[in-house]
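Heads up: the sequence lines are chains A and B, in that order. Going by our numbering, the letters in the first sequence line up with residues -5 to 445, in that order. Going by our numbering, the letters in the second sequence line up with residues -5 to 445, in that order.
2 protein chains.
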Amino acid sequence: MPSERERIVIIGAGASGLPIASQIRKETKEKDITVITTGTHIAYSPCALPFVLHGVIPDFESCIMKTPADYEAVGITVLTQTTVESIDLETEKLETTAGVIPYDTLVIATGSYPFMPPIPGVDAEGVCVLKTMEAAQQIAEGLESVMNAVSVGAGVIGLEVGSALMARGVNVPVVELLPYVLPLILDPDMAQLVHNHLLDIGARVICGAAVSEVLTDEAGKVRGVVVADEEIPCQMVLMSTGVRPSTKLAKDAGIETGSSGGIVTDSSLHVKVGREYLPNVYASGDCVEVIKDFTYQRTISPLGTSAYRLARVVADNIMGRNSYLLPFTSPNVCVVGQLQVGSVGLTTHTAKSSGIQTTSRVGSGPSAARYYPKRHVITSKLIVDNSRRIVGGQIISDGSGVKCRIDTLSVAMASKMRVDDFAHVETCYAPPVSALVDPLTLTAQSFFDVC
Amino acid sequence: MPSERERIVIIGAGASGLPIASQIRKETKEKDITVITTGTHIAYSPCALPFVLHGVIPDFESCIMKTPADYEAVGITVLTQTTVESIDLETEKLETTAGVIPYDTLVIATGSYPFMPPIPGVDAEGVCVLKTMEAAQQIAEGLESVMNAVSVGAGVIGLEVGSALMARGVNVPVVELLPYVLPLILDPDMAQLVHNHLLDIGARVICGAAVSEVLTDEAGKVRGVVVADEEIPCQMVLMSTGVRPSTKLAKDAGIETGSSGGIVTDSSLHVKVGREYLPNVYASGDCVEVIKDFTYQRTISPLGTSAYRLARVVADNIMGRNSYLLPFTSPNVCVVGQLQVGSVGLTTHTAKSSGIQTTSRVGSGPSAARYYPKRHVITSKLIVDNSRRIVGGQIISDGSGVKCRIDTLSVAMASKMRVDDFAHVETCYAPPVSALVDPLTLTAQSFFDVC
């Protein structure tokens, strides 16, 4: 029996859980909202942590946008340092370290956890993962005595952390198992530009090689790693080798997970048990299996923006408005040294692995008029399918201008726009802020340049 | 009878004429190409001139991207300081100050000229118009002895020039006949932000008032203007009161012009004589009547980007590829003091004047994460019609971030996207370059925020 006031319980206080709570509270005071998290700090941006380590953001505290007290003030209960031990879908109750908590509506927003490759020594003191603020603080403290570190994994986090530490004077070789950096978001030709920049800023980059062992001293502390028979001495190992959806709690409750490992839902984000989707239990955030646009592959999309997008669908549905999830192109942007790097949609590789034949063009152009003193080079790659629809884009700039152009492509791709039409879309121009023809337009035009 | 090699003659060496010549030459060496201009300098950006006056671009020469010799080197003849006196469509010949020039294919890219309001004294020495490099050089020289100027017209050029001169220490009140600044591209509420900034940087702004007279001294030089019975002393008057299409040559040849004053064409940009469109005579650039998107009003679009867009259609057709002109949303961006200001599509006013009912929302958001040290405020206004399609957008930033967001809106509008769908489009995020939710997305979401 539901209580008089609907009790909404949200497991997880990350980039999906908290926006759901806030959105519902903005709309109504007639529901009880409880958010449960194992963490201490909430409402900070994990994406900011590399920039605190870098020093460009002055301290960890400034990344905290809200405290539990701020939520309490608007009638949202936040239980920190509280672990949910089990979900009972029958009785609609949670077993937690703070006692039994009943719910009328449940949201599972348990996020993701870092994948740790099964390497000997990976548990040693000095092996770090930049996932939480607490971990970042430990890294920051450890850095005081570290001259040499190794960044394992040349994905976005690996490179952001690596270049942050390099900016602080630490020597940080980067090791990537796959043959090129940023392999999930770039094609090899574009990745080469990032690779070259890493070399320019003094990093060593080792691609196509695995760390086979973490070496420790007699006290159990890291003293090096072994990469392809080479011993690289270091006092710290930063592991950035991807994340996995945190679904144990859901699975233990009988909730279905899919081939990606994420929680299976319908398009309104109701979870599935047996043959049925539960009308009062939702999943949201990194732990959810979503659909990739164009390929319709099942995947997780562990981005803050994706978490927020999922959150809006859940909040809408809890508030009684039908709201449906659309497929994901997962646009992303990161800062590596002085480069901005972004991508959206499919890479040539991910397209091919789904049997989508693509053609692509790469082009460069300036961010401002050629005669304007301050300008950057913006290099873009557009990937189109056989019907000439844009299915992917990658952009690199040695200054600014990536974020919004990725968004522009995202809008074009949401409209299933053909590259021919994209090349004809009007863009704006003023010498301080652009060239007459936008670099992206130039790349789009090159698809039908006859010479 | 055509000669063995097709003779293409282009009247006008501006942002439409030269790209047509270059595009055709890139594709073939089998055509003769002649470009005729009354000017001396070619291939410079008129849009750059305010920024040379400002000093941020070091000199006028650096705005010149190519010389006639550069064109000659690729086999394009450029006749500078040459006036076309008449076009004979029957015999396919031009009378020019350099003699009779026959053509097989003609492009009329005569551009536009500044409109000068019929004010007593408007011909006095010291009344300037920033249209050509030569005029800008004269203004720059005149500025040496000018402490007080008046900028008449608070459109893009009026404000760019006004703020450039203010940056150089000249006192420059701005006078605008219409009730608010940038009246053709902004709504009054957004214009107020620009107005306030102009006040902040020390400018006087007089809206809803006309200059009724330019006062001169006994030598015939400007000594002031009269605005609403007030005499404002100044040594220079900058007129930026709009442009009109330069169509006399075309009209004298019997070519039809439309209600906008521009040359009437079909969608392939063939000009019209009597009931027929001439297959070998094109018009391009500021002098062409184009169609506004959404309202289908006839207008001219005197932007460098529009000129280039028209040029591509003409070049495609001359090269035998069918290419059609689409309606214009004329996205634009300008820099006024420290502000970037842009717009695209309809304003509330232009929509209403075509009977289109609109609703709109204004919202603001940061250009980077809230805790990131360097960030700007981006204020945007979205205008939607009754079917909730985005028909217009206006964006103002106290730093960067306008140009690409206007382009994003342009792509959305080219797709006839509804604001609801736009609000759900994924955007990318990294703390140094964006907030989690893009400011434009926030404004789009506010259309369906329930509280």
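Using N, Cα and C, we set each Cβ at its ideal position, and we do this for glycine too. Being a predicted model, the structure only gives us computed values, none of them experimental.
Is residue i helix, strand or coil when you go by DSSP?
| i | result |
| --- | --- |
| residue 60 of chain A | coil |
| residue 316 of chain B | coil |
| residue 327 of chain B | strand |
| residue 36 of chain B | coil |
| residue 22 of chain A | coil |
| residue 351 of chain B | coil |
| residue 368 of chain A | coil |
| residue 3 of chain B | strand |
| residue 201 of chain A | strand |
| residue 52 of chain A | coil |
| residue 434 of chain A | helix |
| residue 207 of chain B | strand |
| residue 46 of chain B | helix |
| residue 342 of chain A | helix |
Could you give the residue range of the beta strand (DSSP E) that holds residue i?
| i | result |
| --- | --- |
| residue 245 of chain A | Unbroken run through residue 245 of chain A is the alpha helix (DSSP H), 242 to 246; no beta strand (DSSP E). |
| residue 26 of chain A | 25 to 30 |
| residue 175 of chain A | Neither: residue 175 of chain A is in no beta strand (DSSP E) and is coded neither H nor E. |
| residue 333 of chain B | 333 to 339 |
| residue 388 of chain A | 384 to 391 |
| residue 417 of chain A | Careful: residue 417 of chain A lies outside any beta strand (DSSP E), inside the alpha helix (DSSP H) at 413 to 418. |
| residue 170 of chain B | 168 to 170 |
| residue 10 of chain A | Unbroken run through residue 10 of chain A: none, as it is neither H nor E. |
| residue 145 of chain A | 143 to 146 |
| residue 239 of chain B | 237 to 239 |
| residue 226 of chain A | 224 to 227 |
| residue 231 of chain B | 230 to 233 |
Between which two residues does the alpha helix (DSSP H) containing residue i stretch?
| i | result |
| --- | --- |
| residue 440 of chain A | That residue, residue 440 of chain A, is in no alpha helix (DSSP H); it is neither H nor E in DSSP. |
| residue 154 of chain A | 150 to 161 |
| residue 402 of chain A | 397 to 408 |
| residue 219 of chain B | Here residue 219 of chain B belongs to no alpha helix (DSSP H); instead the beta strand (DSSP E) covers 216 to 221. |
| residue 184 of chain A | 182 to 194 |
Check the Cβ of residue i against every Cβ in chain D and list those closer than 8 Å, keeping chain order.
| i | result |
| --- | --- |
| residue 428 of chain A | Chain labels in this structure do not include chain D; the protein chains are A and B. |
Q) For the segment 111 to 128 of chain B, which residues have a CB atom closer than 8 Å to at least one CB atom of chain A, in sequence order? A) Cβ contacts with chain A: none found.
Q: Could you please tell me which residues of the segment 333 to 350 of chain A, in chain order, have their CB closer than 8 Å to any CB of chain B?
A: 334, 336, 338
Q. Are at least three pairs of beta-carbons, each pair with one atom in the segment 294 to 312 of chain B and one in the segment 337 to 347 of chain B, less than 8 Å apart?
A. Result no; under three Cβ-Cβ pairs closer than 8 Å.
**Q.** Interface positions of the segment 380 to 398 of chain A facing chain B (Cβ-Cβ less than 8 Å), listed along the chain
**A.** 394, 395, 396, 397, 398
Q. Per the contact definition of three or more C-beta pairs closer than 8 Å, is the segment 238 to 258 of chain B in contact with the segment 73 to 88 of chain B?
A. yes
Q: Entirely within the segment 69 to 135 of chain B and at least 3 residues each: give me those beta strand (DSSP E) ranges in chain order.
A: 70 to 73, 78 to 82, 87 to 90, 93 to 96, 99 to 102, 106 to 108
(Q) Output needed in chain order: residues of the segment 395 to 425 of chain B with a Cβ under 8 Å from some Cβ in chain A. (A) 395, 396, 397, 398, 399, 400, 401, 402, 404, 405, 406, 408, 409, 411, 415, 416, 418, 419, 420, 421, 422, 423, 424, 425
Q | Residues in the segment 274 to 304 of chain A having any Cβ partner in chain B nearer than 8 Å | A | 297, 298, 299, 300, 302, 303
Q) For the segment 252 to 311 of chain B, which segments carrying the beta strand (DSSP E) assignment without a break, of at least 3 residues, lie completely within its bounds, in sequence order? A) 264 to 267, 270 to 277
(Q) Can you confirm whether the segment 144 to 160 of chain A touches the segment 183 to 201 of chain A when touching is taken to mean that 3 or more C-beta pairs between the two stretches lie within less than 8 Å? (A) yes
Q: Count the CB pairs spanning the segment 349 to 360 of chain B and the segment 200 to 208 of chain B that are closer than 8 Å, and state whether there are at least three.
A: no
Q. Just checking, does the segment 318 to 337 of chain A make contact with the segment 346 to 355 of chain A on the three C-beta pairs under 8 Å criterion?
A. no
Q) Are the segment 410 to 428 of chain B and the segment 362 to 381 of chain B in contact at 8 Å, needing three or more beta carbon pairs? A) Yes, since at least three Cβ pairs between the segment 410 to 428 of chain B and the segment 362 to 381 of chain B fall closer than 8 Å, the two stretches touch.
Q | Residues within the segment 211 to 243 of chain A neighbouring chain B, beta-carbon criterion of under 7 Å | A | none
Q: Scan the segment 57 to 84 of chain A for residues whose Cβ lies nearer than 9 Å to a Cβ of chain B and list them as they occur along the chain.
A: 57, 58, 59
Q) So, do the segment 264 to 280 of chain A and the segment 327 to 334 of chain A have three or more beta carbon pairs nearer to each other than 8 Å? A) no
(Q) Beta carbons nearer than 7 Å to chain B: which residues of the segment 34 to 46 of chain A have them? (A) 39, 41, 42, 45
Q: Evaluate the contact criterion for the segment 150 to 161 of chain B versus the segment 212 to 229 of chain B: three or more CB pairs, one atom per stretch, below 8 Å.
A: no
Q) For the 8 Å Cβ check, are there 3 or more pairs between the segment 118 to 131 of chain B and the segment 11 to 31 of chain B? A) With the cut-off at 8 Å, the segment 118 to 131 of chain B and the segment 11 to 31 of chain B do not touch.
Q | Segment contact, 8 Å Cβ cut-off, at least three pairs: the segment 53 to 64 of chain A with the segment 163 to 171 of chain A | A | no
Q. Touch check for the segment 389 to 407 of chain B and the segment 391 to 410 of chain A: three-plus C-beta pairs under 8 Å?
A. yes
Q. When you check each C-beta in the segment 359 to 377 of chain B against every C-beta of chain A, which residues fall closer than 8 Å?
A. Those would be 363, 364, 365, 366, 367, in chain order.
Q: Report yes or no: do the segment -4 to 11 of chain A and the segment 276 to 287 of chain A share at least 3 C-beta pairs separated by less than 8 Å?
A: yes
Q) Does the segment 244 to 262 of chain B come within contact of the segment 282 to 289 of chain B, defined as at least 3 CB pairs closer than 8 Å? A) yes
Q | contact_flag[the segment 415 to 432 of chain A, the segment 294 to 302 of chain B] where n(CB pairs < 8 Å) is 3 or more | A | yes
Q. For the segment 424 to 431 of chain A against the segment 62 to 71 of chain B, are there 3 or more C-beta pairs whose distance is under 8 Å?
A. no
Q: Inspect the CB distances between the segment 8 to 19 of chain A and the segment 384 to 395 of chain B and report whether three or more fall short of 8 Å.
A: no
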